[in-house]
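Reading through the structure tokens given below for one structure.
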Amino acid sequence: MELTKENFVEKFEERLETKYALDVKDATAYELYDTLCSLVKSAYTRKWRQTWKEYVNKDEKQIYYFSIEFLPGKMLKSNLLNMGWLETVQAGLAELGIDLEDLVKVEPDMALGNGGLGRLAAAFMDSLASDGFPGNGNGIRYKYGLFKQKFVNGYQVELPSVWLKSGVGNAWEVRRDSKAVMVRMGGHVHLEQKGDYLEPVYEDGMIIRAVPYDTGMVGYHNQHVNTLRLWEAEIPESEENKYPTIEARRRVEDLTAVLYPDDSTEDGRRLRLQQEYFFVSAGVQSIVRHYEKYGKPLTELGKHIGIHINDTHPAMCVAELMRILLDEKHMSWEDAWQQTVQVMSYTNHTIMAEALEKWSIQMMNEIQPRLLQIIAEIDNRYVKEWAGKVDGSIIERTRIISGGQVHMAHLAIIGSHSTNGVAKLHTELLKEDVLHDFYTLYPERFNNKTNGITERRWLQLANPSLARVLDETLGTNWRSDIKQVNKLLDYADDQAVLDKFGQAKRENKVRLAAVIKEKTGIEVSPDAIFDVQVKRLHAYKRQLLNLLRIVKVYLDLKDNPNLDMVPRVFIFGAKAAPSYRYAKSIIKCINEVANLVNNDPSIQGKLKVVFLEDYGVTLAEKIIPAADVSEQISTASKEASGTSNMKFMLNGALTVATLDGANIEIKDKVGDDNIFIFGLTKDQVYEYYANHGYHGSDYYYNDPVIHRVLDAFVDGTIPNISNEGHEIFDSLTYLNDDYFVLGDFEDYLRAQAEVDEAYRDRNRWNKMSLINTANGCFFSSDDTIKKYAAEIWNIKSVTEGKEVGTNAKYPL
Ligand SMILES: *Cc1c(COP(=O)(O)O)cnc(C)c1O
């Protein structure tokens, strides 16, 4: 049935009645939300099945994107938008006296990720579907998402995020018991000769039932729906008697209970490794099983299947596929290896040494002894293959097992045909430095794929005010062809358009001011500069640099209350890993500075500091459209790409940036005049590391401004931070700060003074803002995924060339 307002209203009331035996006026927001989801889901389910059939009929190559995190946020509006339903449903609900926004509030954020890595995986799911690619996700259905953050006395407190609350559960998923697989872990293994192959014989250990929950990934206006498959751990019926106590059961069921709350350091280790093997094994088994169902030979696996390893967490895919092909399908090692390398590809997300995953041989053996045997054999053969061909020291440095540890990145690179970085600078650093040895061995495997974002969520949905300006200026084609946004450049000197730009930003700032007031009680003026830093809290991201500047401005204002400056509101959002002490100290200090500044009447509202609790996708959608200034100030070389930098830019914020990650590519697009660049370059940073020429204390003793600002952390000027203040003081001075906060401070102030000056000329500012939005279209995840498809995966779109217009609205 065609979706019209009338049809929708009728169907909605009908569904509410069959589901809940209720009239609209008697239903709660949850019941209405659930009814709407059910209607949406049954509409796209038909397309979901057709998409799958089309893949099978056309024998399309399939990609499976393995990621230990997916961070989609809320899905109701995104599904409505992609189905072409949003406006009609909004109008239909309004006729029933329902505000769609009230239903949206009911949906919990699906926060199965920490930050950028998980958000990228979610954006890729949206883009794979929207570009019509045969690509599916594979991950873990954590019972608890990333912790909920509260501030108590300025300290971060972590509460569980119960996104699967009974009743509110995940409306989008479908449990598929028929597709469950068994995953074997622990115990012992030995090999027995069986005819012409070796059969592994397992003793003890446990067998876990992996049950998939599938969620449709709805493509934008193309009737194309892919699958995100998340696995849950259960005790198989046959094993029930092995788990007589609740505690014993818990050990299995808790395997998929919590998301590891840190994406950059190692901690809480065994469970994490179990999680990795669990979703790898379940995913690879189900892929092979599905492949075989259609009777194709396993020697052609690589032609039909691609598995993408998103960061090293799923690197065991390499060994798990080998295990299945060898032990279960009795392929020769050579044939199995050839297929495996052809199937696998890998993305590296970090150059920070402490985040490059390693596991002790012993722990790997405890988790899955057969897998360790296979990894050891891959390692052996790797060493033999290169022996005599290259310098022995290169082999030692690149082999998978060394120093008693299994190096996951090495496994991923050796066992795949492609390794990519996520921004130009990052890929260069991989080639030159972190993975240089591998680059000398396999130069053809290395390539760059700069990250991207989905404009559907971050512009169309999050910023209706700006979207309206684009509609009025460019027509609506940009909504399905984001590159059209670049045509805005034709209007860079059009006064009317610039005014509308400024007006849209102001509307968003008024909205955010209301959110801030509601959440914190703090009043902020939409006439101030909204200066925003939102991202995970980490030393390398340098929230501290931002904080030092705030303290500097505060002290200046205390000296001179009449200081001529554009009022600024500093907005932070950031979670710290629960075990990351230093990051938590920084949170405490930001909160105390906020208290001090916001409650000092002599500041006269020229300076406000707002730290919003529980940063996540939904909060980001409210903050980013309202930002004037985007803080992207990581130490050069440390941020692989960044993606919030792209979201801000698309929403017309101007970036204050170091030459790091994708900031460089943003600068290249908008030009030096439309971005505020400062700070050490990657080469200067590397020079400091090489010659130990950086001395934090010198800045303290020689620079009176820095001296005064740092003193404020230890002399009581900032109250209630006697421990944290000293910790920060010491780290920046005597402990010589690896992130060069003080080294970049002066230049950062210079860049911020330029921001102040630029903002005073509203026309100039609006023009700069427009130029940023116009060039934001070059950082679309649709483009990024097209490059993965063409250059790494070799898959084709099945919807390209189909008429978009007639496909825009999914039928009701
Ligand atoms: C985009 C996004 C990130 C990534 O931010 P970076 O500044 O690139 O680190 C993290 N968390 C959420 C909720 C996001 O939406």
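Residue numbers for the sequence shown follow our numbering, so the first one is 1 and each next one is one higher. Positions of the beta carbon are idealized from the N, C-alpha and C atoms, including for glycine. Since this is a predicted model, take the numbers as computed values, not measurements.
Does any heavy atom of ligand 1 sit closer than 7 Å to the C-beta of residue i?
i: V383; result: no
i: K647; result: yes
i: S644; result: yes
i: V617; result: yes
i: A620; result: yes
i: K535; result: yes
i: G725; result: no
i: G452; result: no
i: G392; result: no
i: R119; result: yes
i: G421; result: no
i: G671; result: no
i: G776; result: no
i: G145; result: no
i: G137; result: no
Which class does residue i belong to by DSSP, given the choice of helix, strand or coil?
i: I207; result: strand
i: V288; result: helix
i: S480; result: coil
i: E13; result: helix
i: G392; result: helix
i: T347; result: strand
i: S130; result: helix
i: P526; result: coil
i: D59; result: coil
i: K194; result: strand
i: A111; result: strand
i: W825; result: Coverage of the chain is limited to positions 1 through 812, which leaves residue 825 absent and any answer about it impossible.
i: Q338; result: helix
i: L159; result: strand
Could you tell me which residues DSSP pairs with residue i in its beta bridges?
i: L215; result: This sequence places Thr at residue 215; Leu is not what is there. Paired residues: E173 and L228.
i: N447; result: N420
i: T655; result: S630
i: G137; result: Y65 and L228
i: R119; result: R119 is not bridged to any residue.
i: F279; result: None, per the DSSP bridge assignment.
i: L386; result: Looking at the sequence itself, residue 386 is Trp, so the reference to Leu does not match. According to DSSP, W386 bridges with nothing at all.
i: V181; result: A210
i: W48; result: Beta-bridge pairing links W48 to no other residue.
i: D531; result: F570 and V629
Measure the alpha-carbon distance for residue i versus residue j and round it to whole angstroms.
i: H290; j: V189; result: 27 Å
i: Y220; j: A129; result: 7 Å
i: I98; j: N651; result: 29 Å
i: E31; j: E791; result: 46 Å
i: N96; j: N7; result: Checking the sequence shown, residue 96 turns out to be Leu, not Asn. Distance between the alpha carbons of L96 and N7 is about 13 Å.
i: E639; j: Q543; result: 13 Å
i: Q285; j: I666; result: 41 Å
i: G169; j: A594; result: 37 Å
i: T784; j: R760; result: 37 Å
i: Y694; j: D737; result: 9 Å
i: Q62; j: W52; result: 10 Å
i: V89; j: F151; result: 38 Å
i: S585; j: Y734; result: 18 Å
Inspect the beta-carbon positions of residue i and residue j and report whether they are closer than 8 Å.
i: Q156; j: A576; result: yes
i: V553; j: L512; result: no
i: Q684; j: V656; result: no
i: L498; j: K767; result: yes
i: L103; j: L39; result: no
i: G118; j: F66; result: no
i: Y748; j: F678; result: yes
i: Y213; j: E173; result: yes
i: V609; j: F570; result: yes
i: A574; j: V515; result: no
i: F147; j: P578; result: yes
i: N136; j: L230; result: no
i: M185; j: M206; result: yes
i: L356; j: A409; result: yes
i: P824; j: A122; result: Coverage of the chain is limited to positions 1 through 812, which leaves residue 824 absent and any answer about it impossible.
i: G116; j: I68; result: no
So that I know if they touch, is there some Cβ in chain C lying closer than 8 Å to that of residue i?
i: A636; result: Judged by its chain identifiers, the structure shown contains no chain C, having just a single protein chain.
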